[in-house]
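Just below is one structure, and these are the notes that go with it.
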Amino acid sequence: MTTTMTAAATVDINYRKVIARALADELATDTKVVFLGEDVGAAGGAFKSTEGLKQRFGDRVRDTPISEQAIIGAAVGAALMGLRPVAEIMFADFAGVCFDQLVNTLAKYRYTSGGQARVPVTVRMANGAGAGFGPQHSQPAENWFLNIPGLKIVVPGTVEDMYGLLRSAIRDDNPVLVFEHKNLFALKGRVPAEPDDAYLVPIGEADVVRTGQDVTIVATQQMRHRALEAADQLAATGVTAEVIDPRTLVPFDLKTVVQSLRKTSRLVVVQEGPPDGGWGATLIASISSHHFELLDAPPTLIASDPVPVPYSTPMEDAWLPDASRIAAVVLQLVRF
Amino acid sequence: MTTTMTAAATVDINYRKVIARALADELATDTKVVFLGEDVGAAGGAFKSTEGLKQRFGDRVRDTPISEQAIIGAAVGAALMGLRPVAEIMFADFAGVCFDQLVNTLAKYRYTSGGQARVPVTVRMANGAGAGFGPQHSQPAENWFLNIPGLKIVVPGTVEDMYGLLRSAIRDDNPVLVFEHKNLFALKGRVPAEPDDAYLVPIGEADVVRTGQDVTIVATQQMRHRALEAADQLAATGVTAEVIDPRTLVPFDLKTVVQSLRKTSRLVVVQEGPPDGGWGATLIASISSHHFELLDAPPTLIASDPVPVPYSTPMEDAWLPDASRIAAVVLQLVRF
Amino acid sequence: MTAVQTETVTRDRLLEMQRRMCEIRAFEDIVKDWFSRALVRGSTHLYQGQEAVAVGITSALRRGDTTTCTYRGHGTVLAQGAPLDRSFGEILGKANGLCGGKGGSMHLADLSVGALGSFAIVGAHLPISVGAAWASQLLGTGAVSATFFGDGAANIGTFHEALNLAGVWKLPVLFVLENNLYGEYSPITTTTANPELVDRAAAYGMPGLRVDGNDVVAVFDAAASAVARGRSGQGPTLIEAMTYRQSGHSRSDPAKYRPAGELEGWLARDPLTVAERRLHDMGVETAELDRLRADAEAKVRRAAERALSWPEPRPEDRFEDLWVH
Amino acid sequence: MTAVQTETVTRDRLLEMQRRMCEIRAFEDIVKDWFSRALVRGSTHLYQGQEAVAVGITSALRRGDTTTCTYRGHGTVLAQGAPLDRSFGEILGKANGLCGGKGGSMHLADLSVGALGSFAIVGAHLPISVGAAWASQLLGTGAVSATFFGDGAANIGTFHEALNLAGVWKLPVLFVLENNLYGEYSPITTTTANPELVDRAAAYGMPGLRVDGNDVVAVFDAAASAVARGRSGQGPTLIEAMTYRQSGHSRSDPAKYRPAGELEGWLARDPLTVAERRLHDMGVETAELDRLRADAEAKVRRAAERALSWPEPRPEDRFEDLWVH
Ligand SMILES: Cc1ncc(C[n+]2csc(CCOP(=O)(O)OP(=O)(O)O)c2C)c(N)n1
Ligand SMILES: Cc1ncc(C[n+]2csc(CCOP(=O)(O)OP(=O)(O)O)c2C)c(N)n1
Ligand SMILES: [Mg+2]
Ligand SMILES: [Mg+2]
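The listed protein sequences correspond, in order, to chains A, B, C and D. Using the numbering used here, the letters of the first sequence map in sequence onto residues 40 to 375. Using the numbering used here, the letters of the second sequence map in sequence onto residues 40 to 375. Using the numbering used here, the letters of the third sequence map in sequence onto residues 13 to 337. Using the numbering used here, the letters of the fourth sequence map in sequence onto residues 13 to 337.
In structure tokens form, the structure reads like this:
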């Protein structure tokens, strides 16, 4: 656990509500922070994860029309004038609507201008499958941005990481995409009762969630929790799994994974989303290319199926890798 | 070479002009084929690669406003009514502007409707770097779509493949994205003097461009040609490289690559575009996971740098892998 | 804003419209109940209060014409003739649902009746209907396309691109703007620079008609004139139907943002009541109207029962329906 | 279309404007020559004929105000005060170019003078200027944002979203539509349902001003009134400047699609000539005007020479300027 837990008083809170808490703490810390999106203000957000901010911060929190391209563009423009905008895109799937603004404007502005400006924009999006929202409201869209240099990508999987990473994202001078997993909204955790910088989680640092000897399982968000479940099941058979949550996809903390592999020599990556073009394949390619000699067994990707996210429960459930599938793959690998 | 060359009369033509030829042949073959895009008609295309079509096919070729979202959406709607639309997006970078229509509508329509309809839309886009068009007009955008099930992706690297694959794309009952590499426009080749189905190139079949024993180099479009150059350089040192052009990224002809690796045991993938989230990493992960035992050396990705495409010649040239870099990597690998 | 001539609808025709409206109402009441009982996951968006728009517009269409609509699309798809049971089935995620359970509540589609689908991305479907109309123009079928969307959707880019393209190509499209005063929760004046949405038609070289969206006859009349225009090659029409969403935006919305009395005012002008008043004036007895409503409810209930009894898809069905092989 | 009051510009001020227009003209003539000699790769989009728009608008701005523009943006960025030599340098891809050679002809930017940049994706920059204006409103700086775009860009989604957002938030934005009658090659009537673009302003709750885009004074007057409106919190303005692109769309365009006589008609109303006539009327001698033009040309030529002499970036420079560390 890389988060430094100090002795400060803490409070219980869930993953959904900690979003408003992190936003509030940054809005309070830095008057340059502003926040815009659809129904984020008066209504407190489609998921009620931004409740109370409008009342507390007034004009610095703004409801927008349904105009995702204008939302991202306006955030970039405001950033160029010295603000630190946080933009909400309600569901990550809608990133498609403003993809140009994200990849061609936000990601490239600084580079194209030869470094003349900083573009400290944070884009928050509700991410992922498992809640029955159907093909256009369930995609793990973090995989759409890996090939676009210029965007940091964070994928918090716990309440503490959501709090610490969202605050770090807002403080970062680069564009950061924050993916908030819808299916973790009810997850419980603890954050400091008062804003406390000791709880910031640095962007780019993986978390070794569980230590083990036989295999390294790398997983984020929902899959992190399923990997832990799988590790429990495996423990019963005498196999110990090390579970790593990278927490940030760009920049990726390869060092922590490599360190683990020196011990385990076996890599399993569990990724929500279709296999091709995702961070899982990227990680496996990277390890295979640069650390081939560490591997005693085929590095293995467990991913969703190469089809859209189906609506109906039996199909959607099957689309998402589960703990027993992860455990089965690991058992095969340790016997390789 | 999988293209069957019959004895029919052929004509010389370049990569840019063969586009109009392929379009004309399909427009002539099937009256359901229609074509729309910005300045594609009266002006013959921004790259003059659709000259003459408007004059010959009248209303079936239409100039549109600058409205990429409407272009793709209209193509989908027309396809649902039984037409076979070809839509042009002038530069592949502009796919960002209509990304939602491509990934959320075009790719998913059939699936979401439970298979009620076919959506035979072909989307053509000018692709890639090397011609000094700067960060927003040079991206190899094929890598943006790998994680989106439902889109076939073809990346022709020769005149013959452009002709044969574009025609196959238009005949395919699925959505197909066709990436036309701007830096290959002047490339020469031969196609039949008269429309001839023997020259269709099947989607999903790789081409073994050059046979060799020591290493398998997989590369597309520009990089295919640079890989061949590297193979020439290597031949001088006694190393023989097998060069495979997959030609189609989705579905990917893994079989041909695996067959080659049984012989060479060494894999180098050369990919235009940043390394993360691309087809190169996907291929390496796939081979590492499923054919680990075939590999005698680390499978290696040679890719562009993880930065946008810079404008200025010395920087853009360096951004693109070249033959000597490919040859150097191969030499290291064969000595592994 | 062009004037609309009303009273073109016969008694039988209006009874048929009322029947459809009653079915949609009963359908949505059941869906609402199912959601509150967690029989359906994800989100749902109900159509109570807007029935006159879907029924009025689709009543002016003929076979071969098409529609597209939004996540709030149950009413439109049913109005066009999709079967009640398979529509319920889709919302329940059943194998026998309209889309085999792949789409769900936000994605009802029945191409056999011309319902090209419900789209969950705001504005994404407007260009689809433009494309269908382009095909009609090219193939000379005379078919028109109607596309339904909300006041909030009028601010997204695709709205602009779709209306301009239809306007410049003179395509037979009915742009049906269902102005129910709110986006999800935001009142239109907080998101729209000029809330006179119907006036936007001029920018796209097409007529704009604003109608009482709770009066199925007024909606029908506007649709009929727009359809005639479209079929005769004169191009698209923007119809702004003023109406009201009686439920909240989605399951979780208590709709507290409504000013006091607003809902009540609109309930007094419920589309079913408005139509009943008209039918009354045409001499239809209260008893007949009550029977019509009761019959519709019973029919819908039976369809719901059937759908509930159907099996779920098998997990392996998820691999079907992506590719044409 | 609101009436515009002219003749507010003094002789000195107009001389200064003319000087800038002459510089831009000379700059573009050199760029055109460089392109024809393959000294520059990729594509370029020249501004000859539209100088009065950039100069008229930016002359009404003050320090702290900002602009965004398109790939056809050399004129705007220069008008705002970017150095000639470093602008040339960027187009040549030199290390000392405005953007270190990373952006090129389509991406001139000089934040030190408020030129937030040239954007190569049609329409993408309109929301950027809206955001800059939002910052001005929040921070109370009084700064206004001007965003330049073409007639073709008026049909893309971001245009609609940006104008609506600026309208509903009452932001200090000047939307400067440079109507040069063509997209790349398509005449406006083939792509635009209602070519009276200035009328679109109403849909976004803002005034629309159509001005003679070849008369720098007319442009300035419109800009001045829009700036005053913006600074005083009354919101955005759409200015449609009617003008003409004297070169083809880009290097490779012979512009054959132009009707006979069209170019000649516009050349007779060249913005430099129009301004000269006005200056004449104010009593400025022909000799002084000739000298002004010659001085501008000489200055620009010297800047070009400097830029040509500068070194190219090193290949390894490509790794710089992406991340803030
Ligand atoms: C592109 C996009 N942005 C946001 C949403 C989330 N969303 C769903 S419905 C809705 C409000 C739509 O309002 P309106 O168009 O008036 O339709 P109504 O729901 O009132 O029928 C929003 C913002 C979405 N589905 N798609
Ligand atoms: C989204 C997008 N689509 C298409 C293009 C290609 N393109 C560049 S300029 C242009 C024409 C623009 O016309 P207009 O807005 O009138 O500006 P002008 O070039 O006349 O100044 C087009 C289609 C682009 N750069 N971006
Ligand atoms: Mg609404
Ligand atoms: Mg123009």
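Heads up, the beta-carbon is just placed ideally off N, CA and C, and yes, glycines get one too. Values in this document were obtained by computation on a predicted structure and should not be read as measured data.
Per DSSP, cross-strand counterpart(s) of residue i
{"i": "residue 49(B)", "result": "231(B)"}
{"i": "residue 130(C)", "result": "81(C)"}
{"i": "residue 189(C)", "result": "161(C) and 252(C)"}
{"i": "residue 219(B)", "result": "165(B)"}
{"i": "residue 76(A)", "result": "102(A) and 127(A)"}
{"i": "residue 377(B)", "result": "This structure leaves residue 377(B) out entirely; chain B is present only between 40 and 375."}
{"i": "residue 281(A)", "result": "255(A)"}
{"i": "residue 247(A)", "result": "283(A)"}
Sequence-distant residues of the same chain with beta carbon closer than 8 angstroms to residue i, five excluded per side
{"i": "residue 300(B)", "result": "255, 306, 326, 330, 333 and 334"}
{"i": "residue 117(D)", "result": "43, 52, 54, 55, 56, 57, 83, 86, 102 and 103"}
{"i": "residue 82(B)", "result": "102"}
{"i": "residue 196(D)", "result": "164, 261, 262 and 265"}
{"i": "residue 177(D)", "result": "139, 142 and 183"}
{"i": "residue 41(D)", "result": "60"}
Coarse secondary structure for residue i, derived from DSSP in three states
{"i": "residue 348(A)", "result": "coil"}
{"i": "residue 89(D)", "result": "helix"}
{"i": "residue 133(B)", "result": "helix"}
{"i": "residue 21(C)", "result": "coil"}
{"i": "residue 30(D)", "result": "helix"}
{"i": "residue 58(A)", "result": "helix"}
{"i": "residue 191(A)", "result": "strand"}
{"i": "residue 271(D)", "result": "coil"}
{"i": "residue 287(A)", "result": "strand"}
{"i": "residue 302(D)", "result": "helix"}
{"i": "residue 221(C)", "result": "strand"}
{"i": "residue 283(D)", "result": "helix"}
Cut-off 7 angstroms between Cβ atoms - residues of its own chain near residue i, not counting five sequence neighbours on either side
{"i": "residue 316(A)", "result": "182"}
{"i": "residue 42(B)", "result": "In this prediction, residue 42(B) has a pLDDT of 49, which is less than 50 and means its spatial position is unreliable; what the coordinates show is noted afterwards. For residue 42(B), where only same-chain residues beyond five positions count, the Cβ hits under 7 angstroms are 199, 203, 238 and 240."}
{"i": "residue 333(D)", "result": "112 and 114"}
{"i": "residue 117(A)", "result": "73 and 124"}
Other residues of its chain near residue i: CB distance less than 6 angstroms, five sequence neighbours each side excluded
{"i": "residue 47(A)", "result": "231 and 235"}
{"i": "residue 65(B)", "result": "72, 206 and 209"}
{"i": "residue 344(B)", "result": "358"}
{"i": "residue 269(C)", "result": "197"}
Contact test: residue i Cβ vs ligand 6 heavy atom, cutoff 6 angstroms
{"i": "residue 133(A)", "result": "By its list of ligands, the structure shown excludes ligand 6, since it contains just ligand 1, ligand 2, ligand 3 and ligand 4."}
Contact list for the region 327-344 of chain B against chain D, Cβ threshold 9 angstroms: 344
Residues, ordered as in the chain, of the region 173-200 of chain D that lie near chain B by beta-carbon distance below 8 angstroms: 195, 196, 197 and 198
With distances taken from each beta carbon to the nearest heavy atom of ligand 3, which residues come in below 7 angstroms, in chain order? 162(C), 163(C), 164(C), 190(C), 191(C), 192(C), 193(C), 194(C), 195(C) and 257(C)
Using a Cβ cut-off of 8 angstroms, which residues of the region 216-227 of chain C contact any Cβ in chain D, in chain order? 216, 217 and 218
Report the residues of the region 91-109 of chain A with a CB closer than 8 angstroms to any CB of chain C, ordered along the chain. 102, 103, 104, 105, 106, 107 and 108
Contacting positions in the region 132-163 of chain D - beta carbon closer than 9 angstroms to chain C: Here the close residues are 135.
Where the region 184-209 of chain B meets chain C: residues whose CB sits under 7 angstroms from a CB there: For chain C, the residues of the region 184-209 of chain B that bring a beta carbon within less than 7 angstroms of one of its beta carbons are 188 and 189, in chain order.
Pull out every residue of the region 230-244 of chain A whose Cβ sits closer than 8 angstroms to any Cβ of chain D, in chain order. none
Using a Cβ-Cβ cut-off of less than 8 angstroms, give me the residues of the region 68-85 of chain B that come near chain D, in sequence order. Listed by position, the residues of the region 68-85 of chain B near chain D (Cβ gap below 8 angstroms) are 77, 78, 81, 82 and 85.
If you measure beta-carbon to beta-carbon, which residues of the region 244-269 of chain D are closer than 7 angstroms to chain B? 269
Output needed in chain order: residues of the region 294-324 of chain A with a Cβ under 9 angstroms from some Cβ in chain B. 308, 312, 313, 314, 315, 316, 317, 318, 319, 320, 321, 322, 323 and 324
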